[in-house]
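Heads up: the structure comes next, in structure tokens.
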Amino acid sequence: MRKLKNLVLGFILSVLFFLLYTQPIFADPIGTWMNATNFPVNIASHTSTSVGNNIFVFGGANFDDFSEVYSASQNPDGSITTWGSISNLPETRYWSVLAKKDNRVYILGGTMWTGVANYKNNVYSAMIQMDGSLPSWQTMLPLPNTRALGAGVIVGNRIYYAGGFNNSGEHNEIYYADINPDGTLGSWTTSAVSLPEPLSGFGMVEYNNNLIIVGGSNGSVYRNKTYKASVNSDGSLSTFTETAVLPEPVYRSGVIRIGSTLVSIGGYTGINTLDKIYYATINSDGTIEPWQLSGNHIPQPVCCGAIAYSNGFLYLTGGFGTSGYLDTVYYAPVNTILNVPLLKQTDPDWGEEIYDSANLWDPLSPTISAYGCAITSAAMVFNYYGLNTMPDGEPLNPKTLNDWLSDQQDKFFRNGSTNWAALSRLSKITKSVNPNFTHDALDITVSTYSKNLLLQDLMNGIPDILQAKMTSDRDHFFVARGTSGEDILINDPFEDESLLSFYGDKTKSMRRYIPTNTDLSYIILVVDKDINVSVSSSSGELVGEVFIEGPIENDLGTSEPEVFPLNIFYLKQPESTNYKVQLSSSSNTNYDLDAYFYDVEGNVQIEHVSGFIGPGASAEFDLDYSQDEPSAFIEVVTFEGLINDIKSLHSLNEINFKNYWSLLWQTRSAKLFSVGKFTKRGAVNILKSMDKQIFRAKGHGVSDNAYNILHNDIQVLLSSF
């Protein structure tokens, strides 16, 4: 009996441990549906999307077809304002496909009613403004053939149109085109790989460089199949393979991806119109887990409506129900969940490894357990994207990331902070041993924390690394992996916490690793926190952003070493041109500038410069940056700058009175001689004499620091003659 009680107690304790210490799983991605402001007309066969806080509906039909574009603004609780007409398509259009890249929408193909169904191959595009306006439409290169009821997505910088219907029936061809920097489209290419069968009325989404096809019909045969194919770096496709089968056929359902979850809303089975919602988890290779039925049905059966996502809510507009065309608009909150593995920096497999060179600045606790939150977060994100193996075949985890970074010239920044751009290069290098990673690399973007941007990234399958300011000088990093109501789900590498609300308002910035097939070029400039850094382009425009990055918090709390915050300047994918770099400070101080110049492949060139700045004594540099060749980084020193340095160093008692007046007089004399055609030699001789003077006086009226600063100034000036 006692043994039975112990077994029962052990079982209860194990269940409690599981409930308390495992990540919460919010199985159903969609909450309860609610009624929103009705649409102005009964409508079906339209398309819909969102930009900012505005939801848009394009075209559509009931007993007639429409060209109008309507919009409504979203309120914080998900409800919407009254719909208003803001624009018109160039023609009436229904059964078209909508694809969106950033704020630019593309309307592809479709049908125009002229007494008969007139199938189209036109492609129109417009840039939606952040205020919700839509100024004008552009005509793009048309599809190779007329198509309606197909599906389209954007993958990287390419747009895809698959399948569809016209007068000759269903089709299986797939077309794709490059998206140019100005938003126009290149020539359409017919993919060598087609759909597994001719299909119309199916759904298609992109996930981790895979196309996923859901349902549809082939003639009078309605399908419950799901297929996936990977997208190669040149835009071509692998052969489609079948993955998990839907419980029943779905035709013209609302198919959408919510993070790592594939969702099908409503639709037609060939017999019945559905109010059901099916969902399935997508794996990193594009295959899906078995479909599940959501507990939250839509309020009535709907086929042929349009689904859109905006800031944590889904919106289902119009459609065709059991009694005809609909003007209903339903909305529901969504829980976005990404399959990000949970790793802990304290794991015994790597927790006691020395982090970076922390043994030099924190000999008491120099371990990954104490300082490894950033690299552990990066490992989680890399594993999520299918990067599980290092170039040497070792598993990709916090230890192997730490080891790899420690061997790189652009490893950790000087306060122990992670150089995120170096890890971008690793993602490119290790691609060859990770077959499930079908992109070229992970491109890093550093940005100020924005909940709306975070929600959009999660919806798009991007788990962001978040930075929390634990104190004014110390940082902690963790990964956002989904949403739960108003809160954000996180994977914390140290704390046993799963919600962002634990950190209150401490979240300050985001590190966004985004799959890319483009370049990894970057300019990164690192200075101490009290040094201001600004960069201007050849046109004089200020570029880039500066972020304060403190040393990583000792999560164990065993020590607080003397390591200080840094100002880090980031300019992503800079043009190959000339830039002006300026350092300034409100007080007299020495500076150390570490400059990292990355080319398109992520290879780095590092420059280090030390000097002295203060009020009226800034440091300036000419940067001739190249994405493909070595960049030239030259300090700009003027006679006025040398005079300012002499004055500032004297005010700090680093130059005595005698040397101060002598150096000041000689500098002014050299400046006068430098402008004359026949007296420049005199300026050179004076500068050389000054250099000898400060060398002889080093330690005897000129401090070592003052010598280094003035010697550098003089050498730069001499090189200009």
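Position in the sequence shown counted from 1, then plus 668, gives you our numbering.
Ideal Cβ positions, reconstructed from N, Cα and C, are used throughout, including at glycine.
Note that the coordinates shown come from a computational prediction; the quantities given were computed from them, not determined experimentally.
Are there 16 or more other CB atoms within 10 angstroms of the CB of F1325, so buried, or fewer, so exposed? Taking the first residue of the sequence shown as 1, we reach residue 1325 at position 657. Classification for F1325: exposed.
Kindly indicate which three-state DSSP category T690 falls into: helix, strand or coil? Taking the first residue of the sequence shown as position 1, residue 690 is located at position 22. Residue confidence is low: T690 scores 37 on pLDDT, short of 50, so the model does not pin down where it sits. Its coordinate-derived value is still stated next. Residue state, collapsed to three classes: coil.
Is V1195 close to chain B, meaning its C-beta is less than 9 Å from at least one C-beta of that chain? This model lacks chain B altogether, as it is built from one protein chain only.
On the three-pair Cβ rule with 8 Å, is the stretch 1076-1091 touching the stretch 1215-1234? Yes, the stretch 1076-1091 touches the stretch 1215-1234.
So what's K1248 in DSSP terms, helix, strand or just coil? Counting from one through the sequence shown, the residue named residue 1248 turns up at place 580. Of the three classes helix, strand and coil, the one that applies to K1248 here is strand, per DSSP.
Tell me whether the stretch 1057-1075 and the stretch 1239-1251 touch, counting them as touching only if at least three CB pairs, one residue from each stretch, are closer than 8 Å. With the rule of 3 Cβ pairs closer than 8 Å, the stretch 1057-1075 does not count as touching the stretch 1239-1251.
Could you check whether P1016 and D1111 sit closer than 9 Å to each other, using their CB atoms as the reference points? Residue numbering aside, residue 1111 sits at position 443 when the sequence shown is read from its first letter. Residue numbering aside, residue 1016 sits at position 348 when the sequence shown is read from its first letter. Contact flag unset, no.
Which first and last residues belong to the alpha helix (DSSP H) in which A1047 is found? Residue mapping note: residue 1047 aligns to position 379 of the sequence shown, counting from 1. Counting along the chain, the alpha helix (DSSP H) containing A1047 begins and ends at C1041 to Y1052.
Where do the N-terminal and C-terminal ends of the beta strand (DSSP E) with H1276 fall, by residue? Walking along the sequence shown from the start, residue 1276 turns up at place 608. V1272 to I1281 is the span of the beta strand (DSSP E), which, as asked, contains H1276.
Please state whether the Cβ-Cβ distance between W1451 and N964 is less than 9 Å. Shown here, the chain extends from 669 to 1389; a query on residue 1451 therefore has no answer.
So, at 6 Å on beta carbons, what are the nonlocal neighbours of T749 in its own chain, with the 5 sequence-adjacent residues on each side left out? Position 81 of the sequence shown holds residue 749. The beta carbon of T749 sits closer than 6 Å to those of A740 and S741, all from its chain and outside the five residues before and after it, given in chain order.
Option in L879, R772, G728 and N721 with minimal Cα separation from G1390: With the chain running from 669 to 1389 in the structure shown, residue 1390 is simply not present.
Classify F1389 as helix, strand or coil using the three-state DSSP reduction. Counted from its first residue, the sequence shown places residue 1389 at position 721. Three-state DSSP puts F1389 in coil, outside helix and strand.
Quick one: complete alpha helix (DSSP H) runs, 4+ long, within the stretch 1293-1355? For the stretch 1293-1355, whole alpha helix (DSSP H) runs of length 4 or above, ordered along the chain, are 1307-1319 and 1325-1342.
Which parts of the stretch 959-1035 are runs of the beta strand (DSSP E), unbroken and 3 residues or longer, counting only runs that do not cross its ends? At a cut-off of 3 residues, the continuous stretches assigned as beta strand (DSSP E) that sit fully inside the stretch 959-1035 are 974-978, 981-985 and 997-1001.
Pick from Y1293, T1335 and E1275 that is closest to P1242, judged by C-alpha positions: Within the sequence shown, numbered from 1, the residue matching residue 1242 stands at position 574. Cα-wise, what sits closest to P1242 is Y1293.
Going by the beta-carbon positions, is the gap between N876 and S932 smaller than 9 Å? Against the sequence shown, residue 876 aligns to sequence position 208. Against the sequence shown, residue 932 aligns to sequence position 264. Against a cut-off of 9 Å, the Cβ pair of S932 and N876 comes out as no contact.
So the candidates are G922, N1271 and N892; which of them puts its Cα closest to the Cα of V913? Taking the sequence shown and counting its residues from 1, one reaches residue 913 at position 245. V913 has its Cα closest to that of N892, out of G922, N1271 and N892.
Among residues of its own chain, excluding the 5 on either side of P692, which ones have a beta-carbon nearer than 8 Å to its beta-carbon? Working through the sequence shown from its first residue, we reach residue 692 at position 24. Because the pLDDT at P692 is just 40, under 50, the model does not fix this residue reliably, and the point stays unresolved.
Answer yes or no: do Y1181 and Y1023 have a C-beta to C-beta separation smaller than 9 Å? Numbered from its first residue, the sequence shown carries residue 1181 at position 513. Numbered from its first residue, the sequence shown carries residue 1023 at position 355. Not a contact, by the Cβ cut-off of 9 Å.
Within 10 Å of its beta-carbon, does L1378 have 16 or more other beta-carbons around it, so buried, or fewer, so exposed? For the purposes of this step, residue 1378 is identified with residue 710 of the sequence shown, where counting begins at 1. By the neighbour-count criterion, in which 16 or more other beta carbons inside 10 Å mark a residue as buried, L1378 falls on the buried side.
At least 3 beta-carbon pairs within less than 8 Å: the stretch 1275-1282 vs the stretch 1347-1365: Output reads no: the stretch 1347-1365 does not touch the stretch 1275-1282.
Please name the residue, chosen from N1235, Y1190 and A1046, that lies closest to N1159 on a Cα-to-Cα basis. Position 491 of the sequence shown, counting from 1, holds the residue named residue 1159. Nearest option by C-alpha distance: A1046.
Taking the C-alpha atoms as reference points, what is the distance between I1036 and A1263? One-based indexing of the sequence shown puts residue 1036 at position 368. One-based indexing of the sequence shown puts residue 1263 at position 595. Each residue's alpha carbon lies about 26 Å from the other.
Could you give the distance in angstroms between the alpha-carbon of N730 and the alpha-carbon of I711? By one-based count along the sequence shown, residue 730 stands at place 62. By one-based count along the sequence shown, residue 711 stands at place 43. N730 and I711: Cα-Cα distance of roughly 5 Å.
Going along the chain, which unbroken runs of the beta strand (DSSP E) with 3 or more residues stay wholly within the stretch 1160-1242? For the stretch 1160-1242, whole beta strand (DSSP E) runs of length 3 or above, ordered along the chain, are 1175-1184, 1190-1196, 1200-1204, 1213-1217 and 1234-1240.
Determine the extent of the beta strand (DSSP E) in which K768 is found, giving its start and end residues. For the purposes of this step, residue 768 is identified with residue 100 of the sequence shown, where counting begins at 1. V765 to K769 is the extent of the beta strand (DSSP E) around K768.
Got a sec? Which residues, its chain only, sit under 8 Å from T937 by beta carbon, not counting five neighbours each side? Reading the sequence shown from its first residue, position 269 is the one you call residue 937. Residues of the same chain with a CB within less than 8 Å of the CB of T937, apart from the 5 flanking positions on each side, are Y890, E916, P917, V918 and Y919 in chain order.
Whole-number beta carbon distance between N790 and R815, since they are thought to touch under 8 Å: Walking along the sequence shown from the start, residue 815 turns up at place 147. Walking along the sequence shown from the start, residue 790 turns up at place 122. In fact, because the Cβ distance is near 10 Å, the residues do not count as touching under 8 Å.
Same chain, Cβ closer than 7 Å to K1197, five either side skipped, listed in chain order: Position 529 of the sequence shown, counted from the start, is the residue given in the question as residue 1197. Here K1197 has I1216, F1232, P1233, L1234 and N1235 as same chain residues with Cβ atoms under 7 Å from its own Cβ, once five neighbours each way along the sequence are excluded.
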